[in-house]
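J.: Going left to right, the sequence shown walks through residues 575 to 715 as my numbering numbers them. Here's a structure for you.
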Amino acid sequence: MKTSNATIGSILAAIIWADGEFSEIERTTIAEIAEALGLTEKELSMNVTAALVELKNMDEDKATDFAVKHAAKVNDEETGEVFQALLQMALCDNVLTYGEVHNLLALAQALDIDRDAAVLMLCDLVKSEPELEVSFEPEDE
């Protein structure tokens, strides 16, 4: 990958941050994403953890700005792959939250992925997850 491990770790962390919990399944998903993208799992995991520390005390707007800033650094040829990884991270815990969707759409825009295409990509993944719970409630801050 031409995109740095730190950049990918930062935007994955923003998706993890959106649901408020760094679960074991998300840790496992980081390993799967690292393998799929040809990255070192240990380094990606460390970069995600470091970014989560940065995100810890941010509100939603600042966290979105953080994610968008890092998404803008993704190599143009890799935006589709990276967005698929973000979708995988958002859905891995079988819960899709309002905050995750908000961040995914902001990241799609930062990655220069058409909003309609991003929604269709999300729908395509959702249909393959029959156990998925969807939360329509925005998180309280």
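Beta carbons: idealized from backbone N, C-alpha and C, even for Gly. Small disclaimer: the values here were computed from a predicted structure and weren't measured.
Run the CB neighbour count on glutamate 609, radius 10 Å, all protein chains shown included, and call it buried at 16 or more, exposed below.
T.: Numbered from its first residue, the sequence shown carries residue 609 at position 35. Flag for glutamate 609 reads exposed.
J.: Can you pull the DSSP bridge partners for valine 656?
T.: Translated into the one-based positions of the sequence shown, residue 656 becomes position 82. DSSP output for valine 656 lists no bridge partner at all.
J.: Assuming methionine 663 and isoleucine 582 form a contact by the criterion Cβ under 8 Å, report the distance between their Cβ atoms to the nearest whole angstrom.
T.: Looking up residue 663 in the sequence shown gives position 89. Looking up residue 582 in the sequence shown gives position 8. Contact flag wrong, Cβ pair sits at about 10 Å.
J.: Taking Cβ to Cβ, would you say serine 584 is nearer than 8 Å to histidine 644?
T.: Residue numbering aside, residue 584 sits at position 10 when the sequence shown is read from its first letter. Residue numbering aside, residue 644 sits at position 70 when the sequence shown is read from its first letter. Against a cut-off of 8 Å, the Cβ pair of histidine 644 and serine 584 comes out as a contact.
J.: Is leucine 685 helix, strand or coil by DSSP?
T.: To locate residue 685, count along the sequence shown from 1; it is residue 111. It is coil, neither helix nor strand.
J.: So, for serine 709: in the same chain, excluding its five sequence neighbours on each side, which residues have a beta-carbon less than 8 Å away from its beta-carbon?
T.: Within the sequence shown, the letter at position 135 stands for residue 709. Around serine 709: Val669, Leu670, Thr671 and Tyr672.
J.: Suppose you measure from the CA of glutamate 715 to the CA of glutamine 658; what does that come to, to the nearest Å?
T.: Sequence index remark: in the sequence shown, residue 715 carries index 141 (1-based). Sequence index remark: in the sequence shown, residue 658 carries index 84 (1-based). Model confidence at glutamate 715 stands at a pLDDT of 47, short of 50, so the residue's coordinates are unreliable and nothing is read from them.
J.: Should leucine 665 and methionine 695 be called a contact, given that it needs their Cβ atoms to be closer than 8 Å?
T.: As a first step, residue 665 must be located in the sequence shown, where it is residue number 91. As a first step, residue 695 must be located in the sequence shown, where it is residue number 121. No.
J.: Could you tell me which of Thr653, Ser619 and Pro704 sits nearest to alanine 605, measuring between CA atoms?
T.: Position 31 of the sequence shown holds residue 605. Taking only the C-alpha atoms, the option nearest alanine 605 is Ser619.
J.: Given that a residue counts as buried once 16 or more other Cβ atoms are within 10 Å of its Cβ, and exposed if not, what is valine 627?
T.: The count along the sequence shown starts at 1 and reaches residue 627 at position 53. So valine 627 counts as exposed.
J.: Let's test the definition: count the other Cβ atoms within 10 Å of the Cβ of isoleucine 599 and tell me whether it reaches 16, buried, or not, exposed.
T.: Taking the first residue of the sequence shown as position 1, residue 599 is located at position 25. The residue is exposed, with fewer than 16 neighbouring Cβ atoms inside 10 Å.
J.: Note down, in chain order, each residue of its chain lying with its Cβ closer than 8 Å to the Cβ of threonine 638, except the 5 sequence neighbours on either side.
T.: Locating residue 638 in the sequence shown gives position 64, where the first residue counts as 1. So the list reads Ala588, His676, Asn677 and Ala680, once near-sequence residues are dropped.
J.: With 16 as the cutoff for other CB atoms within 10 Å, does aspartate 650 come out buried or exposed?
T.: Stepping through the sequence shown from its first residue, residue 650 is reached at position 76. Burial call: exposed.
J.: Looking at the structure shown, is leucine 613 part of a helix, part of a strand, or coil, going by DSSP?
T.: Within the sequence shown, residue 613 is the residue found at index 39, counting from 1. Coil at leucine 613, not helix or strand.
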